[in-house]
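Note sheet for the following structure.
Structure (structure tokens):
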């Protein structure tokens, strides 16, 4: 078990390093000069100190060759220094500290709900393969093919601004004071409902179809036939098969997570949710390169941490991996 | 000569029909568009009417024309990206699976890294550094998208290659002394054709999503009409909140339909690769016709218990006469 965890850790360490290096390399090797763009965008008087801080945030500005610059860049990162946002004027790490919790909460809860319901329904669909429920599959596929942001826009329009079932735009009512008090928390939950529902709707089909296909494969195994032959009640047989079919779903969790995050970032834009996705799009519109890069790193690292959690869960659930590791 | 078997599954036929429709639209869309999509010489914010099937934008552009013209740009980028990504995943996946050893370690690590990095943020970072004039170039955008979309296919192809590499025909080719590249791309690759096809459809699906998303957040040239830029302008002009559904809903539906078509055809390929996914080769209608219980019996082949007439492979005469 330790060896497998170690291998995964090594993979994620390499991934993190690649992400950092891409961040470092892009401003240097892409055509065009982002630093000139940035300085050009700073209206009014630009002090030499400002130019220097911009260059520093790209790891530039030291006469030490590319490797030296790279080392400086890494040192700055280790100290949590992601540079200063051009448009917001605050350190990128401070801005991210305010936005990341919203995104992690929103996407985390939505992914959990979507995974739980999708897997459960997928197991039932796989069990009753060939029944009339199979005709639901094209419908789910349609939902899967709809871009997240489009589905979110439609839901905002129909349930938010037409039917007024849900409050829209923002993460909480402006009239409540943020803090650990009941009105604030209930307001956050209320405002989160529609974004969560739209992410769940957009992502649930993937889990469902994956689980259905695995379930069908597992149902063909001897142990399921054995369970039926033993006369176990149907509910127990389904549980028995589903426990085995769920493993690839969990193994794929880490892959799917990147996709879900990518889609969900845009849902924030639609609902004007104060998370990382919204911030990223503002940064893109304003060509705020330090902010874009900082957000990219933070999103990547967060996804990697979640992947690691999913991997550990997989190890805990599948005894076979533990046996393999000890042999 | 083997006759081409038409897929029987209604899911796959539906998918093929949708794809055929949009393939035709890609070709003729810009020709049949009634107006120039960028011309602003109509009244603004018209509701759908006979002259303007989907109304006009707040700049007085014909939305229906934008939809037709946009089909081509959207599909071309998606197909370019899909082809490049599938080529990458084929080369990398088969090499990793067949060559093994250190090569496999390095290539597998690379694809795992690309799988773990969330694709859209990476795309946004790369794209935001592209000079503005390259953002309207379908080839550049296609290459950038393919960079983030090849890894999944490579992983699947590597696994499939591993299962093929010790088959007799590969051994035979090795013994005759064929070159490694020839074994990989002339012996193994043709046997992976269904997997390659499925991978191509999947990456095209991914590319449409990625391209439209980039366009929607304004990272491609906003003067090139595609379904994403349409939604970008709709969002920028607050169409969703001011009830101009005819502005932002049609491109979204088109994207979803193309995606559904691709995914449904992909189901067909999946069922071809993994026969267990086929509903025992029978559709609901055949079940009814044969008087079988709809619920599939676990692990057992369905049996016709009313033994008056044997299970026939040719349709019953009354079905033929219709």
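Chains as they are written, first to last, in our numbering: chain A, 137 to 463; chain B, 4 to 325. All C-beta atoms in this analysis are idealised placements derived from N, C-alpha and C, irrespective of residue type, glycine included. Since the model is a prediction, treat every value here as computed from it, not as a measurement.
Problem - Complete beta strand (DSSP E) runs within the stretch 60-137 of chain B (minimum length 3 residues, chain order) - result: Whole beta strand (DSSP E) segments, 3+ residues: zero.
Exercise for the section: Kindly say whether residue 270 (chain B), judged by its beta-carbon, lies nearer than 9 angstroms to any beta-carbon of chain A. Expected result: Chain A, which has a Cβ nearer than 9 angstroms to the Cβ of residue 270 (chain B), makes this yes.
Exercise for the section: Please confirm if residue 162 (chain A) has its CB atom under 9 angstroms from at least one CB of chain B. Expected result: Any Cβ of chain B closer than 9 angstroms to the Cβ of residue 162 (chain A) would place that residue at the interface, and such an atom is present.
Handout entry: Contact set between the stretch 115-126 of chain B and chain A, restricted to residues whose Cβ is under 8 angstroms from the partner
Key = Taking 8 angstroms as the Cβ-Cβ cut-off, the stretch 115-126 of chain B approaches chain A at 115, 116, 118, 119, 120, 121, 122, 123, 124, 125, given in chain order.
Practice task
Using a Cβ-Cβ cut-off of 9 angstroms, state whether residue 280 (chain A) counts as contacting chain B.
Solution key: Taking Cβ atoms only, chain B reaches closer than 9 angstroms to residue 280 (chain A), which makes this a yes.
Practice task
Could you run through the stretch 418-437 of chain A and flag, in chain order, every residue whose CB is less than 8 angstroms away from some CB of chain B?
Solution key: So the list reads 420, 421, 423, 425, 428, 429, 431, 432, 435, 436, given in the order they occur along the chain.
Problem - Neighbourhood of residue 285 (chain B) by C-beta, 6 angstroms cutoff - its chain only, sequence neighbours within 5 removed - result: For residue 285 (chain B), the predicted model reports a pLDDT of 49, less than 50, meaning its position is unreliable and no value from the coordinates is stated.
Practice task
Rounded to whole angstroms, what's the CA-CA distance from residue 90 (chain B) to residue 146 (chain B)? Just pull it up for me.
Solution key: For residue 90 (chain B) and residue 146 (chain B), the distance between alpha carbons rounds to 12 angstroms.
Problem - chain A contacts made by the stretch 174-190 of chain B, where a contact means CB separation under 9 angstroms - result: Under the 9 angstroms Cβ criterion, the stretch 174-190 of chain B contributes no residue.
Exercise for the section: Using a Cβ cut-off of 9 angstroms (strictly closer), state whether residue 302 (chain A) contacts chain B. Expected result: So no, residue 302 (chain A) is outside the interface.
Exercise for the section: In angstroms with no decimal places, state the Cα-to-Cα distance between residue 386 (chain A) and residue 451 (chain A). Expected result: Spanning the two alpha carbons is a distance of roughly 10 angstroms.
Practice task
Would you kindly work out how many angstroms separate the C-alpha atoms of residue 43 (chain B) and residue 60 (chain B), rounded to a whole number?
Solution key: Cα atoms of residue 43 (chain B) and residue 60 (chain B): separation of roughly 9 angstroms, rounded to the nearest angstrom.
Exercise for the section: In angstroms with no decimal places, state the Cα-to-Cα distance between residue 232 (chain B) and residue 253 (chain B). Expected result: Going by the C-alpha atoms only, they are around 13 angstroms apart.
Problem - Distance CB(residue 393 (chain A))-CB(residue 439 (chain A)) smaller than 9 angstroms - result: The criterion of a C-beta distance shorter than 9 angstroms is satisfied by residue 393 (chain A) and residue 439 (chain A).
Handout entry: Under the three-state DSSP convention, the category residue 150 (chain A) falls into
Key = Secondary structure of residue 150 (chain A) (DSSP, three-state): helix.
Problem - Complete alpha helix (DSSP H) runs within the stretch 364-452 of chain A (minimum length 4 residues, chain order) - result: Complete alpha helix (DSSP H) runs here, min 4: 370-407, 412-421.
Practice task
Starting from the beta carbon of residue 283 (chain A), find every residue of chain B whose beta carbon is closer than 8 angstroms, and list them in chain order.
Solution key: Against residue 283 (chain A), the close residues of chain B are 212, 215, 216, 219, 255, 258, 259, in the order they occur along the chain (beta-carbon pairs closer than 8 angstroms).
Handout entry: DSSP bridge partner residues for residue 227 (chain A) (one or two, in chain order)
Key = According to DSSP, which records beta bridges pairwise, residue 227 (chain A) is partnered with A:220.
Handout entry: From A:256, A:217, A:365, A:262, residue whose alpha carbon lies closest to that of residue 352 (chain A)
Key = Measuring from the Cα of residue 352 (chain A), the nearest candidate turns out to be A:262.
Practice task
Would you kindly report the start and end of the unbroken alpha helix (DSSP H) that includes residue 212 (chain B)?
Solution key: Counted as a single uninterrupted DSSP element, the alpha helix (DSSP H) harbouring residue 212 (chain B) occupies residues 196-219.
Exercise for the section: Whole angstroms is fine: what's the gap from residue 348 (chain A)'s alpha carbon to residue 271 (chain A)'s? Expected result: A straight-line Cα-Cα distance of about 13 angstroms links residue 348 (chain A) and residue 271 (chain A).
Handout entry: Proximity below 9 angstroms, CB of residue 180 (chain B) to CB of residue 21 (chain B)
Key = In this structure, residue 21 (chain B) does not lie closer than 9 angstroms to residue 180 (chain B) by Cβ.
Handout entry: Buried or exposed by the 16-neighbour rule on C-beta atoms within 10 Å, applied to residue 30 (chain B)
Key = So residue 30 (chain B) counts as exposed.
Practice task
Determine the chain A residues that contact residue 17 (chain B) at a beta-carbon separation under 8 angstroms, and present them in chain order.
Solution key: Under a criterion of Cβ atoms nearer than 8 angstroms, the residues of chain A adjacent to residue 17 (chain B) are, in order, 274.
Problem - Extent of the continuous alpha helix (DSSP H) to which residue 34 (chain B) belongs - result: Per DSSP, residue 34 (chain B) belongs to the alpha helix (DSSP H) from 13-35.
Practice task
Please name the residue, chosen from B:102, B:162, B:214, that lies closest to residue 143 (chain B) on a Cα-to-Cα basis.
Solution key: Closest by alpha carbon: B:214.
Exercise for the section: Could you tell me which chain B residues have their CB closer than 9 angstroms to the CB of residue 260 (chain A), listed as they occur along the chain? Expected result: Neighbours of residue 260 (chain A) on chain B: none; closest Cβ ~12 angstroms, over 9 angstroms.
Handout entry: Buried/exposed call for residue 156 (chain A), threshold 16 Cβ in 10 Å
Key = Buried, by the Cβ-count rule.
Handout entry: residue 426 (chain A) to residue 245 (chain B) span [Cα, whole Å]
Key = Cα to Cα, the separation comes out at about 35 angstroms.
Practice task
Report the residue from B:152, B:105, B:163 whose alpha carbon sits nearest the alpha carbon of residue 277 (chain B).
Solution key: It is B:163 whose Cα lies nearest to the Cα of residue 277 (chain B).
Exercise for the section: Helix, strand or coil for residue 54 (chain B), going by three-state DSSP, please let me know. Expected result: Three-state DSSP puts residue 54 (chain B) in coil, outside helix and strand.
Exercise for the section: Residues of the stretch 126-143 of chain B with a CB closer than 8 angstroms to any CB of chain A: list them in chain order, please. Expected result: Hits within the stretch, in order: 127, 128, 129, 131, 132, 133, 134, 137.
Exercise for the section: Please check if any C-beta of chain B sits within less than 9 angstroms of the C-beta of residue 155 (chain A). Expected result: Closer than 9 angstroms to the CB of residue 155 (chain A) there is at least one CB belonging to chain B.
Practice task
Give the single residue among B:203, B:205, B:175, B:204 whose Cα lies nearest to the Cα of residue 191 (chain B).
Solution key: For residue 191 (chain B), the closest of B:203, B:205, B:175, B:204 by C-alpha to C-alpha distance is B:175.
Handout entry: Sufficient close CB pairs (3 or more, under 8 angstroms) joining the stretch 365-374 of chain A to the stretch 393-404 of chain A
Key = The stretch 365-374 of chain A vs the stretch 393-404 of chain A: no contact.
Exercise for the section: Label residue 445 (chain A) either buried or exposed according to how many other C-beta atoms from any shown protein chain fall within 10 Å of its C-beta, with 16 as the threshold for buried. Expected result: Residue 445 (chain A) is exposed by the Cβ-count criterion.
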